Amino acid sequence: MSSIRRFVERITGQIKSFSAEHPKRAQAILCGLIVLGMGLYTFVISDSNLGKQLRYSHRIQALTDECKRLEEAYQSDSLKIDSYKQNKASLERIAREEYRMQRPDEVVFLIKDRPDSEDSESK
Numbered sequence: 008m009s010s011i012r013r014f015v016e017r018i019t020g021q022i023k024s025f026s027a028e029h030p031k032r033a034q035a036i037l038c039g040l041i042v043l044g045m046g047l048y049t050f051v052i053s054d055s056n057l058g059k060q061l062r063y064s065h066r067i068q069a070l071t072d073e074c075k076r077l078e079e080a081y082q083s084d085s086l087k088i089d090s091y092k093q094n095k096a097s098l099e100r101i102a103r104e105e106y107r108m109q110r111p112d113e114v115v116f117l118i119k120d121r122p123d124s125e126d127s128e129s130k
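Residue 8 is where the sequence shown starts when you use the working numbering, and the numbers rise one by one after that.
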């Protein structure tokens, strides 16, 4: 503990003697250290540091791009819905093909293709 105290006292003495010999330089160095400390605090340590600002900027850009993409999809889907409301034949075709719906008096047969691996084994 005493070695640390001696070291601090020696450094303090050197700073005092330097500031007594060169008062303008000491003031300039002190101002520079204060500005450097404030800059470090602002850009590295504080809550709004540079790294966080960059991450937030990238996140905002990604969310903006996703919002534009979803807006375009919404517009496209709205147009499809409007066309389905106008054209009953297309609505019926979609109901049959995608949702496997049928009329009460119909029988529907589903024909599935074989995978290529079964075709090569049977040959």
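Cβ coordinates follow ideal geometry from the N, Cα and C atoms, glycine included. None of these values were measured; they are calculated from a predicted model.
| Check | Outcome |
| --- | --- |
| Does DSSP put residue 113 in a helix, in a strand, or in coil? | coil |
| List the endpoints of the continuous alpha helix (DSSP H) containing residue 72. | 57 to 93 |
| Any idea what DSSP makes of residue 17, helix, strand or coil? | helix |
| Hey, how far is the Cα of residue 83 from the Cα of residue 49? | 46 Å |
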